[in-house]
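So the sequence lines, in the order shown, correspond to chains W and R. For our numbering, count along the first sequence from 1 and bump the result up by 1087. Once you know that position 298 of the second sequence is 294 in our numbering, the rest is easy, because the numbers rise by one and skip nothing. Where is the CB? At the ideal position from N, CA and C, for every residue including glycine. As the structure is a computational prediction, the values presented were derived from the model and not from experiment. Some notes on the structure that comes next.
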Amino acid sequence: MGDQKSRVNVHSVLTQVSSRPSASDETYPLTRLDHAMGHHTIHVIFYYEKSPFGSFDMDPIRVTLSEVLSSYPPVTGRLTRDDAGNWAVKCNDAGVRVLRARVGITLDEWLRSADGNEERDLTVWEDMPEVPNTWSPFRIQLNDFEGGGVAIGLSCTHMHGDLTSLILLFKAFSEAHHGQAITFPPFFKPPAPPDRKFSVNNSKSTSYLEAKLQKQTPSVKMSTATFKFSDSVVKQCLSEIHDKCPDASPFDLLAALFWIRVVHLKGPKHDDHTHSLSLCVDFRRLLQEPLPYGYFGNALNFSLLSLNEEEMDCSMLGRVAELVHCHVSGLKEEEFWATLHWLDLQKEEGGKYAPPFAMYGPEFTCVSMEHMIIGDQPVMYSMNFDSAKPVHVSCHVGNAEGEGLILVMPSAEAGLARTVMVTLPEEETAKLCEDQSILHLKPTMLLRSI
Amino acid sequence: MPQTLPDFSNSVKLKYVKLGYQYLVNHILYLLLVPIMVAILIEVLRLGPDEILNLWKSLHFDLVQILCSSFLIIFIATVYFMSKPRHVYLVDYACYKPPVTCRVPFATFMEHSRLILKNNPKSVEFQMRILERSGLGEETCLPPAIHYIPPTPTMEAARGEAELVIFSAMDSLLQKTGLKPKDIDILIVNCSLFSPTPSLSAMVINKYKLRSNIKSFNLSGMGCSAGLISIDLARDLLQVHPNSNAVVVSTEIITPNYYQGNERAMLLPNCLFRMGGAAILLSNRRRNRSRAKYRLVHVVRTHKGADDKAYRCVFEEEDKEGKVGISLSKDLMAIAGEALKSNITTIGPLVLPASEQLLFLMTLIGRKIFNPKWKPYIPDFKQAFEHFCIHAGGRAVIDELQKNLQLSAEQVEASRMTLHRFGNTSSSSLWYEMSYIEEKGRMKKGDRVWQIAFGSGFKCNSAVWKCNKTIKTTTDNPWSDCIDRYPVHIPEIVKL
């Protein structure tokens, strides 16, 4: 709270290179969707009880990291403009920036006492400079806690990939460390649209994007809170709404719950009488020709779900969850291709993509990470170091302004347990943490702003 | 058309004439011996067996004469064998391979340079131009401290690098040769720019628990040619101490010497010097004779320090801002050429075959007496050696030597490829080059190797080795994972 000095002290910066030289002069172009996400940044933090990094300078784990980076040439490259003026990554092996920091308290104390804003200090938040040819878009920050815990923070621009790509990169690293085969090997070929025409005009996603392009939001100071819901609680809740929504997933339930509560908190709207929820869903497996999970790039889609005021006021949780469920399961790949086609149409003279605008927001946005649960196991908690799972995983999206952002992610506890990270304007977050409907579900609160 | 044919046939004729001449002069003794033996045989056959028996009986031998003659023979033989210098064998050597995390691709080097020298774009441009033309590849390594922004060259980091390089090379050597640390009688460590107290040789003695009566030496400040100086010192010691093992460790510790200012003449070493080290086992024990890889034949040392220009051409000093760096003067190549000339004048008579020496002498006499305008004859050193290891000091050094000694591309391949893969590792580069030749399967029994090293001072040192047994390729050497990719074409300028 306030301007107190951060408890995270960054003491050194170095560059980590890949182990094998990549083929020189290779330039990896970024797709139109990648360009469209350029306004944002992504940050993932993995907390471990015991740091696998040992002595650091000469630790063999760094050799493993170098080996893994050899399989991801765009990660160690640098941004450059191609002939049309669009961004591409020059795979010149320059390496990733690694920062080392020390935190003066133990890991447990941190998870109890730090707030969402302080958690931001655990990763690097840097704006891309005008000329990024010596700027590393990927940064790893290793934060050592007292007593041996560590928080490994990865960050990159949203242009290079989405949260899934970053998480699977880290998973590849943990698997390589144990000499295992990489479950989701990197895949760099962007999806190609099938030979069908798409009507741009009456697509839900494209009209939504048009609207986004116009809106401007004033920036407000936001804060984040984390809620962990256990498997049993979610199960019980799902059974309660079973009559209204028989096939609800935990995401549907929690998205609906938080949407209703946030709408309630924000109070009545002045201008129009609809409440909108922007849903961000991963499209890797929803395409007819599915993209492998290891696809390194952006493969998500934003769509809008609207309810008018009266419906919202008297709606029950079950009804709203049903609506969310129908919306999400009704998403077809046409939406995805239509979005890409629309982005193509926005190109300027000479083939340069339009400048990026805020994709997360201005409406209340909800990001689904349900695709990260494969066969009942949360992929996000499967990156083991010395047989220890991460204690907690946090995700942040930079420059996600607007009404707010919620991320529904898997928890360390397998099954239906979920961790929900909510970013709202400061006062609203504080009120949400006291909200009875949410507290009724007995969540564990972590990294909350007090 | 008709003009070229006679020239061609002329040059072919000349080639055969030259070959004939060389064969004649180099084997003159054998060629003279054959007719003499034939003459004796004819004489013996002519005399017949009875005559020979009569001749034998006519020689009156009495006891005293026989005893005196045998004592004389034994005495002469003893003096001969005692005064013969002991053979020094190179049993084996091990080169250090840095971990991949220490790799410095061009892009990383230039990025760090831009970030650290952000107020001096001209210096950054200069470094880029040097790197483009340097002949280095993307796999050369710098120690961990230099990967930080800004670099953290503390004494602890320097000691850490020294321990890493030296102990890895020593462990590898002990494993390859089966040598026990207690059997090391002489230890020589050379590292030019890092000289802590206690010395690096004391560090080795401490780590491996070597004997208390070990003869240890630590050479510092002697530049890139210190490796051969250490070999020379080991050889001299092995003449005095019979039945001994000597371990020589050659390395250069980069951490404390990374120049952080922006004087151009001092930025050059940053672009070229890289992490590396080698440990060599020399012995004069008879039992190592059969398993040794090489025998040391000659070591020739030339020092041009008496000349002021030569003395100042590689000079460590402070720049205007007080930062210490090594300044390389512009006439470095000219001085190196002079030093080389001096060295080969000394080594020539020791190694060149008689045919070349005769030609050189004739040309020399001719120039002095008849016509000073005759071109000086450059002896063909390819006749004397099968393999050349030229210190990989930089592309310019290798080009200059290739031109001066008229060497083919294959003969300088080891030097160029070592510069590409490992950079300028200072005194240990010669050992990486030897390893390259061995791993390519080119080292056969009886092959002679010439190692040439240049160093600050200005010094030019040479060592001549003779291969003791054909060397098989192995997997525990720094080239094992990349030898198949070499030789690689190194462009004149790499676009950065």
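Notebook entry, point to check: For the putative contact between N1388 (chain W) and T1426 (chain W), defined by C-beta atoms under 8 angstroms, what is the C-beta separation to the nearest angstrom?
Noted result: For the purposes of this step, residue 1388 (chain W) is identified with residue 301 of the first sequence, where counting begins at 1. For the purposes of this step, residue 1426 (chain W) is identified with residue 339 of the first sequence, where counting begins at 1. Going by Cβ atoms, the distance from N1388 (chain W) to T1426 (chain W) rounds to 6 angstroms, so yes, they are a contact pair.
Item checked: Rounded straight-line distance, which links the Cα of L1366 (chain W) to that of E1327 (chain W) -> For the purposes of this step, residue 1327 (chain W) is identified with residue 240 of the first sequence, where counting begins at 1. For the purposes of this step, residue 1366 (chain W) is identified with residue 279 of the first sequence, where counting begins at 1. In a straight line, the C-alpha of E1327 (chain W) is about 24 angstroms away from that of L1366 (chain W).
Check: Beta carbon of V1484 (chain W), beta carbon of I1129 (chain W): below 8 angstroms?
Finding: Along the first sequence, one-based indexing puts residue 1484 (chain W) at 397. Along the first sequence, one-based indexing puts residue 1129 (chain W) at 42. Yes.
Check: What does a CB cutoff of less than 6 angstroms around L346 (chain R) pick up in its chain, not counting 5 residues either side in sequence?
Finding: Numbered from 1 along the second sequence, position 350 holds the residue referred to as residue 346 (chain R). These residues qualify, in order along the chain: H294.
Margin query: Tell me the rounded alpha-carbon separation between L1432 (chain W) and K1439 (chain W).
Written below: Here residue 1432 (chain W) is taken as the residue at index 345 of the first sequence, counted from 1. Here residue 1439 (chain W) is taken as the residue at index 352 of the first sequence, counted from 1. Rounded to whole angstroms, L1432 (chain W) to K1439 (chain W) spans 11 angstroms at the Cα level.
Notebook entry, point to check: Is there at least one Cβ from chain W nearer than 8 angstroms to H416 (chain R)'s Cβ?
Noted result: Looking up residue 416 (chain R) in the second sequence gives position 420. Chain W, which has no Cβ nearer than 8 angstroms to the Cβ of H416 (chain R), makes this no.
Checklist line | Own chain residues within Cβ distance below 6 angstroms of Y1295 (chain W), not counting five before or after | finding: Here residue 1295 (chain W) refers to the residue found at position 208 when the first sequence is read from its first residue. Answer for Y1295 (chain W): L1391, listed in chain order.
Next item on the list: Note down, in chain order, every chain R residue with its Cβ under 7 angstroms from the Cβ of G1182 (chain W).
Entry: The residue given as residue 1182 (chain W) occupies position 95 in the first sequence. Within 7 angstroms Cβ-Cβ: T104.
Item checked: Cutoff 8 angstroms: T247 (chain R) Cβ touching any chain W Cβ -> Residue 247 (chain R) sits at position 251 when you count from the first residue of the second sequence. Not one chain W Cβ lies under 8 angstroms of T247 (chain R).
Note to self: Using 8 angstroms as the threshold, is the C-beta distance between R1072 (chain W) and R1226 (chain W) below it?
What the structure shows: The structure shown has nothing for residue 1072 (chain W), since chain W only spans 1088 to 1537.
Note to self: Can you pull the chain W neighbours of V96 (chain R), defined as C-beta to C-beta under 7 angstroms?
What the structure shows: Position 100 of the second sequence, counted from the start, is the residue given in the question as residue 96 (chain R). In chain order: S1106, V1150, S1153.
Item checked: Chain-ordered neighbours of L160 (chain R) on chain W, where CB pairs are closer than 7 angstroms -> In the second sequence, counting from the first residue as 1, residue 160 (chain R) sits at position 164. The answer, in chain order, is M1145.
Margin query: With the cut-off set at 8 angstroms, would you say P149 (chain R) and Y254 (chain R) are in Cβ contact?
Written below: Residue mapping note: residue 149 (chain R) aligns to position 153 of the second sequence, counting from 1. Residue mapping note: residue 254 (chain R) aligns to position 258 of the second sequence, counting from 1. Taking 8 angstroms as the Cβ cut-off, P149 (chain R) and Y254 (chain R) qualify as a contacting pair.
Margin query: Assuming A1445 (chain W) and H1126 (chain W) are in contact, meaning their beta carbons sit under 8 angstroms apart, how far apart are those beta carbons, in whole angstroms?
Written below: Looking up residue 1445 (chain W) in the first sequence gives position 358. Looking up residue 1126 (chain W) in the first sequence gives position 39. Sure, about 5 angstroms apart at Cβ, within 8 angstroms.
Margin query: Here's a check: name, in chain order, each residue in its chain whose Cβ is nearer than 6 angstroms to the Cβ of T466 (chain R), leaving out the five neighbours to either side.
Written below: Here residue 466 (chain R) corresponds to residue number 470 of the second sequence, with the count starting at 1. K440, K441.
Next item on the list: Let me know if L25 (chain R) comes out buried or exposed under the rule of 16 or more other beta-carbons within 10 Å of its beta-carbon.
Entry: Position 29 of the second sequence, counted from the start, is the residue given in the question as residue 25 (chain R). In the assembly as shown, L25 (chain R) is an exposed residue. Its beta-carbon has fewer than 16 other beta-carbons within 10 Å.
Note to self: Among R:T470, R:G453, R:K462, whose alpha-carbon lies nearest the alpha-carbon of Y432 (chain R)?
What the structure shows: Within the second sequence, residue 432 (chain R) is the residue found at index 436, counting from 1. Answer by Cα proximity: R:T470.
Margin query: I want to verify the contact list: residues of chain W whose CB lies under 7 angstroms from the CB of E107 (chain R), in sequence order.
Written below: Here residue 107 (chain R) refers to the residue found at position 111 when the second sequence is read from its first residue. Near E107 (chain R) (Cβ distances below 7 angstroms), the residues of chain W are A1181, T1221.
Margin query: Within 8 angstroms of any Cβ in chain W, is that where the Cβ of P140 (chain R) sits?
Written below: By 1-based counting over the second sequence, the position of residue 140 (chain R) is 144. P140 (chain R) counts as touching chain W.
Item checked: Below-8 angstroms beta-carbon distance, Q1228 (chain W) vs any chain R residue -> Your numbering for residue 1228 (chain W) matches position 141 in the first sequence. The beta carbon of Q1228 (chain W) does not come within 8 angstroms of any beta carbon belonging to chain R, so the residue lies off that interface.
Next item on the list: Note down, in chain order, all residues in the segment 74 to 101 of chain R with a beta-carbon under 8 angstroms from any beta-carbon belonging to chain W.
Entry: P95, V96, T97, R99, V100, P101
Note to self: Please report the distance separating the alpha-carbon of I1537 (chain W) from that of L268 (chain R).
What the structure shows: Counting from 1 along the first sequence, the entry for residue 1537 (chain W) is found at position 450. Counting from 1 along the second sequence, the entry for residue 268 (chain R) is found at position 272. Residue placement at I1537 (chain W) is flagged as unreliable, the pLDDT there being 46, under the threshold of 50; the coordinate-derived value follows with that caveat. Roughly 55 angstroms separates the two Cα atoms.
Next item on the list: Pick helix, strand or coil for R1094 (chain W), following the three-state DSSP scheme.
Entry: For this step, residue 1094 (chain W) is matched to residue 7 along the first sequence. The answer is coil: DSSP assigns R1094 (chain W) none of H, G, I, E or B.
Next item on the list: Compare the beta carbon distance of R82 (chain R) and N284 (chain R) with 8 angstroms and say whether it is the shorter of the two.
Entry: On the second sequence, residue 82 (chain R) is found 86 positions in, with the first residue counted as 1. On the second sequence, residue 284 (chain R) is found 288 positions in, with the first residue counted as 1. No, they are not a contact pair.
Notebook entry, point to check: Is P1161 (chain W) closer than 8 angstroms to F1383 (chain W) when the C-beta atoms are compared?
Noted result: In the first sequence, residue 1383 (chain W) corresponds to position 296, counting from 1. In the first sequence, residue 1161 (chain W) corresponds to position 74, counting from 1. Yes, the pair counts as a contact, with Cβ atoms nearer than the cut-off.
Notebook entry, point to check: Does Q(-1) (chain R) get closer than 8 angstroms to chain W when you measure Cβ to Cβ?
Noted result: Sequence index remark: in the second sequence, residue -1 (chain R) carries index 3 (1-based). At Q(-1) (chain R), the pLDDT of 46 sits below 50, so the modelled position is not reliable and the matter cannot be decided from this model.
Notebook entry, point to check: Counting Cβ pairs closer than 8 angstroms, one from the segment 176 to 190 of chain R and one from the segment 202 to 218 of chain R, do we hit at least three?
Noted result: yes
Checklist line | Among W:P1477, W:E1217, W:W1222, W:A1123, nearest to V1211 (chain W) - alpha-carbon criterion | finding: Residue 1211 (chain W) sits at position 124 when you count from the first residue of the first sequence. For the residues W:P1477, W:E1217, W:W1222, W:A1123, the minimum Cα distance to V1211 (chain W) belongs to W:W1222.
Notebook entry, point to check: Using a Cβ-Cβ distance under 8 angstroms, would M1088 (chain W) count as near chain R?
Noted result: Within the first sequence, numbered from 1, the residue matching residue 1088 (chain W) stands at position 1. Here the model assigns M1088 (chain W) a pLDDT of 41, short of 50, so the residue's position is not dependable and the matter cannot be decided.
Margin query: My output table needs one value for N241 (chain R): the three-state DSSP class, helix, strand or coil.
Written below: Position 245 of the second sequence, counted from the start, is the residue given in the question as residue 241 (chain R). Looking at N241 (chain R) - three-state DSSP - the assignment turns out to be strand.
Check: Below 8 angstroms, can you find three or more Cβ-Cβ pairs linking the segment 1192 to 1207 of chain W to the segment 115 to 129 of chain R?
Finding: no
Next item on the list: Have a look at L1 (chain R) and G419 (chain R) and give me their C-alpha separation to the nearest angstrom.
Entry: For the purposes of this step, residue 1 (chain R) is taken as residue 5 along the second sequence, with counting starting at 1. For the purposes of this step, residue 419 (chain R) is taken as residue 423 along the second sequence, with counting starting at 1. Low local confidence applies: a pLDDT of 49 at L1 (chain R) is under 50, so the model's placement there is unreliable, with the coordinate-based value given in what follows. Their backbone Cα atoms lie some 46 angstroms apart in a straight line.
Margin query: My output table needs one value for K455 (chain R): the three-state DSSP class, helix, strand or coil.
Written below: One-based indexing of the second sequence puts residue 455 (chain R) at position 459. It is a strand residue.
Next item on the list: Assign H485 (chain R) to buried or exposed, taking buried as 16 or more other Cβ atoms, counted over all protein chains shown, within 10 Å of its Cβ.
Entry: One-based indexing of the second sequence puts residue 485 (chain R) at position 489. So H485 (chain R) ends up on the exposed side.
Next item on the list: Tell me the start and end of each unbroken beta strand (DSSP E) in the segment 1198 to 1251 of chain W that is at least 3 residues and wholly inside, in chain order.
Entry: 1226 to 1233, 1237 to 1244
Checklist line | Meets three-Cβ-pair contact criterion under 8 angstroms: the segment 361 to 378 of chain R and the segment 101 to 119 of chain R | finding: no
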